[in-house]
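Below: one structure, written as structure tokens.
Residue numbers (the UniProt record's numbering): 1 to 522.
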């Protein structure tokens, strides 16, 4: 293909070559640039990826800090007779009185599930509007503002909890309203700053921040809650809130909307980025809602993401409680063990992203096969692990191994379903992601609530077995649906509509049916 593009101009008549000389030279430079750029250690787009990674880390620290902190806030109560019969034995040297640790609040499992899912209700409200807002006003501006607002609310969380659980639930809903725009904003940043051949790789690396943030918050919360001289359970909210404000300030000060306005980007890197055919500015065309809603692939992607988020949030929010009440880990160890799968999934995600980048460039597998392979790893493997946890029972070592394998395999989705938005709709990827995020957030809210209803004040092995079986079934069904279709190509509703013919004769009509040039417009 390269030889044909270089030799094609030589066969054209000289008059046609003259107007395009200035246009052809940048293209020739552009084709020579990728190899030169790959030899450079660091570029402006790498700085964007680095800070975007930290924004995602703080996003998920704010989301998951409650999953461990709530164990210290509520504590553990005395076991009922049913729990004593269907429960794992206590570790050697640990007695019942040591396990019973009172907390500051008396919230049952139903209220805890409602509190854990409240943030997803806020995400569902704002995911769709925020997706369109970031397309119009820019992902850079929106991302910094919404992260700062969510961080301020994290600082206010201890005060809200002591006022009333309903005040805390309302605050978590508002946090979700803010954080619902993080990933749509990130999508527009990826499209603006990275050429298509690099997007899957960098998107997988940036989304590793989900796991890093989860790891950091779980370990940090378990450690800080034990430090009475720092105030106990409120300390994690203060630390995460302050870190979020710092990160949003750095993002707003150092990151620019597009490569064209970056003051320190080199010319070669800008040509390399712009050579990917991205939009020169945010697209402000009217969103094609009717065609969008009629597209079957949109609904396949939406249902798949709903299944992923439902099962993921059950693991994310409920596993620390499961490890504490069923497997009898103490609070600090429960936070570390719950974080271990996400810690190990970080190198897995990065390596998988690099491997996907290599397979794409070398064309060992097609993009469709790569996406299908990533989805199989991200759904079917966790589904089998959930079944394995049910069979493992009270074998805590096997349970931990299966949790690690489940989360590590699920991180392969970063190069699978998460890249579908950019494939189907590079123009409206933020709105598309906001649309699916709206429905996914609803299932993310429902997941912990359903788990709380299944447990229903009975911390037993059988009750938790129902939770894990439900997650396994939903993983399996949603993946099977996606593999049956595997959305790939840019959709017709995403491409700009061709200009309508002039209602009156043009001032300079074209003698042939070729596309009308600018000088020939009405």
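Each residue gets a CB set at the ideal place from its N, CA and C atoms; glycine is no exception.
Just so it is clear, the structure is predicted and the values come from calculations on it, not from any experiment.
Fill in: Sequence-distant residues of its chain with Cβ nearer than 6 Å to residue 311 (five each side left out)
471, 474 and 475
Worksheet item: When you compare each of 113, 59, 443 and 494 to residue 242 by their alpha carbons, which one comes out closest?
Response: 59
Discussion item. Just verifying my parser: in three-state terms, what is the DSSP assignment at residue 209?
Written reply: In the structure shown, residue 209 sits in a helix (DSSP, three-state: H, G or I).
Worksheet item: Considering only C-alpha positions, which residue in the set 407, 157 and 495 is nearest to residue 170?
Response: 157
Item to complete: Could you name each continuous beta strand (DSSP E) segment of 3 residues or more that falls completely within the region 233–268, going from the start of the chain to the end?
Response: none
Fill in: residue 129, enclosing alpha helix (DSSP H) - first and last residue
109–137
Worksheet item: Which value, in whole angstroms, describes the spacing of the CA atoms of residue 128 and residue 395?
Response: 43 Å
Worksheet item: What distance in whole Å lies between the Cβ atoms of residue 187 and residue 429, which are believed to be in contact at a cut-off of 8 Å?
Response: 5 Å
Worksheet item: Which same chain residues, not among the five before or five after residue 454, have their C-beta less than 7 Å away from its C-beta?
Response: 463, 466 and 467
Worksheet item: By Cβ distance below 8 Å, which residues in the same chain neighbour residue 97 in space, the five residues on each side in sequence not counted?
Response: Below a pLDDT of 50, predicted positions are generally treated as unreliable, and residue 97, at 43, falls in that range; the measurement from the model is reported next regardless. Nothing listed; no residue qualifies.
Worksheet item: Which residues in the same chain as residue 217 place their Cβ atom closer than 6 Å to its Cβ, once the five residues preceding and following it in sequence are excluded?
Response: The residues are 61, 64 and 65.
Practice prompt. Measuring alpha carbon to alpha carbon, tell me which of 315, 264, 492 and 292 ends up nearest residue 402.
Written response: 315
Worksheet entry | Separation of residue 326 from residue 114, as counted between CA atoms | 21 Å
Practice prompt. Kindly list the residues whose CB is nearer than 7 Å to the CB of residue 110, restricted to its own chain and excluding five residues on each side of it in sequence; keep chain order.
Written response: Same-chain partners within the cutoff: 452 and 453.
Worksheet entry | DSSP three-state assignment for residue 226, whether helix, strand or coil | coil
Worksheet entry | Inter-residue Cα distance where the pair is residue 133 and residue 126 | 10 Å
Worksheet item: Relative to the alpha-carbon of residue 184, which residue among 434, 489 and 480 has its alpha-carbon at the smallest distance?
Response: 434
Worksheet item: How would you write the range of the alpha helix (DSSP H) that residue 325 sits in, first residue to last?
Response: 296–325
Fill in: Coil, strand or helix - residue 456 by DSSP
coil
Practice prompt. Consult DSSP for residue 59 and reduce its assignment to one of helix, strand or coil.
Written response: helix
Worksheet item: Do the region 258–269 and the region 374–381 meet, that is, are 3 or more Cβ pairs less than 8 Å apart?
Response: Contact between the region 258–269 and the region 374–381 is absent: fewer than 3 CB-CB pairs across the two stretches fall below 8 Å.
Practice prompt. Measure the Cβ-Cβ separation of residue 56 and residue 209 and say whether it is below 8 Å.
Written response: yes
Worksheet item: How many Å lie between residue 144 and residue 68 at the Cα?
Response: 26 Å
Worksheet entry | Assumed close pair residue 346, residue 211 - CB separation to whole angstroms, cut-off 8 Å | 5 Å
Worksheet item: Where does residue 492 land, buried or exposed, given buried means 16+ other C-beta within 10 angstroms?
Response: exposed
Worksheet item: In chain order, what residues of the same chain have a beta carbon less than 6 Å from the beta carbon of residue 252, not counting five sequence neighbours either side?
Response: The beta carbon of residue 252 sits closer than 6 Å to those of 144, all from its chain and outside the five residues before and after it, given in chain order.
Worksheet entry | Three-state secondary structure (DSSP) of residue 364 | coil
Worksheet entry | Closer than 8 Å to chain C by CB, residue 337 | In the displayed structure, chain C is absent; only one protein chain is listed.
Practice prompt. Assign residue 423 to buried or exposed, taking buried as 16 or more other Cβ atoms, counted over all protein chains shown, within 10 Å of its Cβ.
Written response: It is buried - the Cβ of residue 423 has at least 16 other Cβ atoms within 10 Å.
Worksheet item: In whole angstroms, what separates the C-alpha of residue 353 from that of residue 420?
Response: Whole-angstrom Cα-Cα distance: 15 Å.
Worksheet item: With DSSP run on the structure shown, which of helix, strand or coil describes residue 428?
Response: coil
Worksheet item: Expressed to the nearest angstrom, what Euclidean distance is found between the alpha-carbon atoms of residue 202 and residue 364?
Response: 20 Å
Discussion item. Using the three-state DSSP reduction, which class does residue 164 fall into: helix, strand or coil?
Written reply: coil
Worksheet item: When the Cα of residue 330 is compared with those of 49, 42 and 90, which residue comes out closest?
Response: 90
Worksheet item: Does the Cβ of residue 320 have 16 or more other Cβ atoms within 10 Å, making it buried, or fewer, making it exposed?
Response: Buried, since its Cβ has 16 or more Cβ neighbours within 10 Å.
Worksheet item: Where residue 255 and residue 436 are concerned, what is the direct C-alpha to C-alpha distance, given to the nearest angstrom?
Response: A straight-line Cα-Cα distance of about 27 Å links residue 255 and residue 436.
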